[in-house]
Amino acid sequence: MVPGDTTPHLLFLREDVVLDPGGLDALMAVAEATGAAIVGPKLVSAEDPQRLVDVGYGVTKAGEVVSLVEPDELDQGQHDGTRDVFALPSACLLVRADVFRSIGGCDPALPYGTPEADVSLCWRARTAGAGVVVTSDARALVPSDARPPAGDPRHRLRLVLSCYGRAHRLRVVPQVVGAGVVGSLRDLLTARPRQVGAAMGAWAWNLWRWRSLRAVRRPVRTARRTPDRTVRRLQVPGVLRPRLAARRGMGGGAALGVPRPVAAWADGLRQRWTSEGAVVMLALVGVLALGSRHLLSRGVPTVGDLLPVGVDGLHTGAGALRVLLTVGLVPAGIAGVLAAVRPLGSPRAPVAAAVAYAALPMPYAALAEGRWAPLAVYAVVPWWLVQLGLVGPPTVSGARRAAVLGILAALAATVVPAAPLLLAGLGVALAVGSLLAFRFRDVLPTAAVAVAGGLVGVVLHLPWAIAPSSPGSPWQALRALVDGTGATGVPVDVEPVDLLGFGAGHPAVLPWLWALPLAAVIPLLAGRGTRLVGGIRAWTLALVAWAVALAAGRAGVAAPLPDVDVLLVVAGVGVAAAVGLAAAAVEADLASPRRRRVRRRDRRRWHAPTQARRLGWRSLTGAVGLVAVALATIPLLKASLDGYWGMPRGDFGSVLAFVDDDVAATGGRILWLGDTAVLPLQMGRAGGTAALAVTDRLPRMPDRWRPAPTALLAGTREAVESSTSYATSRVGRALARLGVEYVVVPQGLAPSPFQVPGAPSPRVVDALDGQFDLERVDVDPAVVVYRNLEFRSRPRPVAAAPPDPSSSAPPEAPAVPGEPSEPSPWKVRLGLTAWGAVLLFLVVHQRRTADMQAQEQ
Amino acid sequence: MTPRLPFLAIVVLGVTGAVLASEGRDRSDGTSAAESPPRAIEPPGATWFCAAGGGVEHTVVVDAGERAVTGRLTVVPGDHAPPPATSATTTSTSTTSSTSAPSTTATPVGSRRSVARDFTVAAGDEAQFRLGDLVDAPLAAAVVEIDPEPRTTVPPPTEGADAPPDVTVAHEVRGAQGVDSAPCTTQSASTWHFAWGATTRDAREQLVLFNPFPNDVAVDAVFSTDRGVREPVRWQGLTVPARSVLAVDVGEDVTRRGHVAASLHVRGGRLVVDRLQSFDGRLGSAGVSVAAGVPEAATRWTFADGLVEAGDAERIVLYNPGETVAETEVVVELADPGAADGYRPEPFAVVVRPGRYEVLDLAEQARVPKGKAHTITVRSTNDTPVVVERVTGVPDPAAAPGGAATPPLRLDADSPVVAP
């Protein structure tokens, strides 16, 4: 500028920018009308004027610049009007000359045209009391590729050091330093040394230019009319990352030169999470870690049917694999819910759904009670819903989805044999939900894909899936469902209201968990479009699961309809998804149309951005949902305190070690009798209610998949029933013929002092106490062990033949030295499942790659 | 039309129905339905236990029903427990003893071994075994196993060739004071109650502890007398070795009491306990009584028959081993009400304090007509279970010592059945 020049306004116009005819007049008019010192036009792409390039900048307290438009954002009038912004790009800018002079002009250290330079100018103008306004009355065409990248840490730091006053600098700079340290640590952990170097270099660069910095500050100090706290209100929240950046596309990882896949991942994360959501998810992870801390550090005790892995020398009872397969299933399920709700596009919906799903008591109760089935179902059902498209139409083909579903079902079937049936039932329930939502075109595909997935799951388990002797095979489960003979559970007095509150068997969670269905009703009341349809489908799933759980609980149908908790997990997925849909509905459907109309009508009026919000249905509903979900997490928080999720601190491993040693030495077997809740394996029932299993060692996970020798089981069952019916006092002799050396009757999940025996089997113990040839071995109050006095050491029987009723002496079972005592189909089965898992990984990876490519295009 | 309203109606109906269904049902008490405890009276099993046999001639009688049966008799020799040490006094609820003594361990049978004998009894016939002929021991108990080979199939409930044999096993004790017989029991249990017993100068009460199982057990006993509750030191942790029988004279610890009710609790296993009660006639009572204990108190008991003649005694003994007061009714119903012009005796209300007993002598009650057969039902009106025994006595001139003018009552005790 020439000294003494009295030009009232200055126009900054880059050489490649074309201002529409009349644009300058419009800018002048707006400047006069609003009194703003800096006025800018709407910048659109010269190549495609329908695309927005810039309508202004925001900035964080740490100097990170945020564009207010998305890359290639379509101009649909959404930014039209005259509005206050923090800063404007200098590509086309009308600046009042007196203000420009008073603040000392542009910062010479910042390259002209960079967002930081533009922000510096506008920021300092704001401190001088000037307004910065963008208007759509003027439009300028700029080349799309001329937009300079933002994010140079040197320039960001220059903004902080030059634009704040001294007092505010003392507050902000330490925060920037702290954020820089955290960011550098993160960059170090993610192997991004360039970013660390850039952060360190930013300080050196600015300190080297200390003199020019003071020169910039001086006029700002002189011209200051607006305190920093007022300016701060106009800034974008956030220190480490601007919260708006995720939605504005500036300052992403790609711009910093980060490798593309990592940058895409990081940008994806930023697009998925709001800062509130990230905090909530971090808190959730913290709670899960808190609740699992002792299990992670000391291992998972062998409780109930949470058996040691024990694969041929890999006896990792307390190992990482076991932790992964038990405790790890909880976050796996939560991740599935996140993925299932993510298609809604709402950043809050997945968080709400995840918190609601994590609040369900079933997985923690399953850990505490040593039941693998609810855990496995908890982990897998959300991923089924991802494939079945609970809240949105799936993007991949039905065949591929059926394959993925089938593999997941096969994996789950290793623990829950009826998983393929469960998948098919879940698909049918969703189809019914589609029907009730009037989405008729989704009915058949949903059911067909789910049924096909179930079939794939069965096929992957062939031939054991249809083998009558296979323990709990889907075929067995189906047959039991049809003829009603496979009921292995015990009727539970299940109350419908307890089911709705997920309190069946877990009274501690009542009434807190009642809050979840309350929040889940919101999409039914307020949802529109996808939210309403998803809500109906989710609720249908929950209602069907509750109804079946009620039937299963009262009928004691355990084999075909696993147990009540498994079905409650399915209901819980539906409710959690509905809670996520509630968050989406509050965001998208409860914004008052009236407000939208007003905004549209007044879009040409200038109005300052306001933080004030009106209390309306949206706020009220959102608050109700938030409170409901928060209340539902109370039992979770309480359960997390002990670090074990309520599991006993020890197991029977050491108490029964002598049994394991003895049967290993003598070739004997162990007969397990007792309540299903505490028995490690269940191969059948005897004596009315007692479950039984026969093993040749302390059970391990592969024993679950061993085919039960029919003759052995039948003989054992008959012997046990003869004792419990008081028909004999010498059951030991009959058991000796079957190779049974020990009879173990657990009375609880863990020995004293870890747990008070909670599942006594008084009738069984009463009957066995009355046997002349069973010697009771006192080891612990929580387990009753009998040594069979009739048993004589012998080679391990091979596929025990059915006992001969006419024989009076214990027959020697044939044995083939050197050969395995039993076939090991579990190895093949495990192998098939592993291959299935690999296939699943490949499919998912391929899908992800395709999605990324599509996104890039 | 949007699906919102129809679906909301479905949800509202479903939730309302669930709430209504829950309110319409009685809440369970929360106890696990996984397995019911064993019943007090088990169905007849294939094994019978005949414990009592101390110092008397002990005969086991196997009575076959309509089918021939095979079985095995195992006779377990036993011994009397040595008398308690002089320092071993008792504790009671009213006065706590300051003395202590080590728990008594019965001497194992040692060199004496059990003897087993297989037998076959023809249909409608019976077999008798004098245990003294099989073992040489101060006392002996017996186990009778019918069809001792373990079954490979559970007997079907239908009658027929595969139905369990209809066998009864009883035992008879014969001594200087008389003879008595009683059915052997098919039960072993960890708790035994006896509502009656006496240790007066003319009486001897022995509890015969039979442990046919392979584990040693320990017994704790508590006795209720007219002077309060007593817990003799000897009876705390009294060990009964595996496969042995031990007779303990109650009078050595609970001396000179006209009524002794007892509760025995077995630690670490089960026992079979019989009571052998005898009177020598010096104080107005005579005879021998053998009876098995009651393994569990109940709220309703029935004696199917009863008759009171002049000079007879029919005493209903109610014993409350629990910790709450039992309010009971003793209902006497005449077998033929028409013969008494429809007369129905008013029930007798009896309150039994915890750990104590009450005796109701029907012979002294005017409302019970003499010479008329009746049934007796004892029921607890406040659901506190009790143990009931009946002691009957008839004059026995032959038992009068020295030809006394008033013949003593020949006493016998029998247990009722648990009424449905």
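Respectively, the protein sequence lines represent chains A and B. Sequential numbering of the first sequence, starting at 0, is according to numbering that gives the first Met the number 0. Sequential numbering of the second sequence, starting at 0, is according to numbering that gives the first Met the number 0. Ideal Cβ positions, reconstructed from N, Cα and C, are used throughout, including at glycine.
- Closer than 9 Å at the C-beta level to chain B, one finds these residues of the region 533 to 544 of chain A: 534, 535, 538, 539, 542.
- Exclusion of the five residues before and after residue 318 (chain A) leaves 298, 308 as the residues of its chain whose Cβ lies within less than 8 Å of its Cβ.
- Neighbours of residue 769 (chain A) in chain B, taken as residues at a C-beta separation under 7 Å, are given in chain order as 187, 269.
- Ranked by how close their Cα comes to the Cα of residue 435 (chain A), the residues A:540, A:712, A:336, A:550 have A:540 in first place.
- For the pair residue 193 (chain B) and residue 271 (chain B), the CB atoms are not nearer than the 8 Å cut-off.
- Per DSSP, the unbroken beta strand (DSSP E) holding residue 56 (chain B) starts and ends at 56 to 63.
- When secondary structure is reduced to three states using DSSP, residue 205 (chain A) falls in the helix class.
- At a cut-off of 8 Å between beta-carbon atoms, residue 366 (chain B) makes no contact with chain A.
- Between the region 220 to 239 of chain B and the region 254 to 267 of chain B, the count of C-beta pairs closer than 8 Å reaches three or more; the two stretches touch.
- Interface with chain B (8 Å Cβ-Cβ cutoff): residue 440 (chain A) is excluded.
- With fewer than 16 other beta carbons inside 10 angstroms of its own, residue 381 (chain B) counts as exposed.
- The C-beta separation of residue 60 (chain B) from residue 125 (chain B) comes to about 6 Å, placing the pair in contact by the 8 Å criterion.
- Here the region 736 to 750 of chain A lies against the region 775 to 787 of chain A, with 3 or more beta-carbon pairs under 8 Å apart.
- Excluding the 5 residues flanking it on each side, residue 46 (chain B) has same chain C-beta neighbours closer than 6 Å at 144, in chain order.
- Identification of residues in the region 277 to 292 of chain B having a C-beta nearer than 9 Å to some C-beta of chain A yields an empty set.
- For residue 153 (chain A), the enclosing alpha helix (DSSP H) starts and ends at 152 to 162.
- Annotation: residue 377 (chain A) to residue 565 (chain A) spans about 8 Å, alpha carbon to alpha carbon.
- Counting only residues of its own chain and dropping the five nearest sequence neighbours on each side, residue 345 (chain B) has a CB closer than 7 Å to the CB of 366.
- Leaving aside the five residues that flank residue 163 (chain A) on each side, the residues in its chain whose CB is nearer than 7 Å to its CB run, in chain order, 171, 227.
- A contact is defined here as three or more CB-CB pairs under 8 Å, and the region 293 to 301 of chain B fails this definition with respect to the region 237 to 253 of chain B.
- Between the alpha carbons of residue 496 (chain A) and residue 572 (chain A) lies a distance of about 18 Å.
- Relative to the Cα of residue 374 (chain A), the nearest Cα in the group A:333, A:349, A:353 belongs to A:333.
- Among the residues of chain A, those whose CB is under 7 Å from the CB of residue 211 (chain B) are 771, following chain order.
- Shown in chain order are the members of the region 412 to 442 of chain A whose Cβ falls below 7 Å from a Cβ of chain B: 435, 436, 437.
- Here the alpha carbons of residue 371 (chain A) and residue 414 (chain A) stand approximately 7 Å from one another.
- Closest in alpha carbon position to residue 115 (chain A), among A:175, A:152, A:628, is A:152.
- Residue 668 (chain A) has a beta carbon lying at 8 Å or more from every beta carbon in chain B.
- Residue state for residue 97 (chain A) is assigned as helix, using DSSP reduced to three classes.
- Excluding five sequence positions before and after residue 74 (chain A), the CB atoms of its chain that fall closer than 7 Å to its own CB belong to 43, 49, 50, 51, given in chain order.
- Fully enclosed beta strand (DSSP E) runs of no fewer than 3 residues occupy 51 to 53, 56 to 58, 64 to 66, 81 to 83, 91 to 95 of the region 50 to 119 of chain A, in order along the chain.
- Beta-carbon to beta-carbon, residue 123 (chain A) and residue 235 (chain A) are separated by about 18 Å, too far to satisfy the 8 Å threshold.
- Between residue 118 (chain A) and residue 37 (chain A), the C-beta spacing is not below 8 Å.
- One finds 728 in chain A with Cβ atoms closer than 7 Å to the Cβ of residue 144 (chain B), taken in chain order.
- Listed by position along chain B, the residues whose Cβ is nearer than 7 Å to that of residue 499 (chain A) are 14, 17.
- Pairwise C-beta distances place the region 633 to 648 of chain A out of contact with the region 526 to 534 of chain A, as fewer than three of them are shorter than 8 Å.
- For residue 496 (chain A), the closest Cβ of chain B is nearer than 8 Å.
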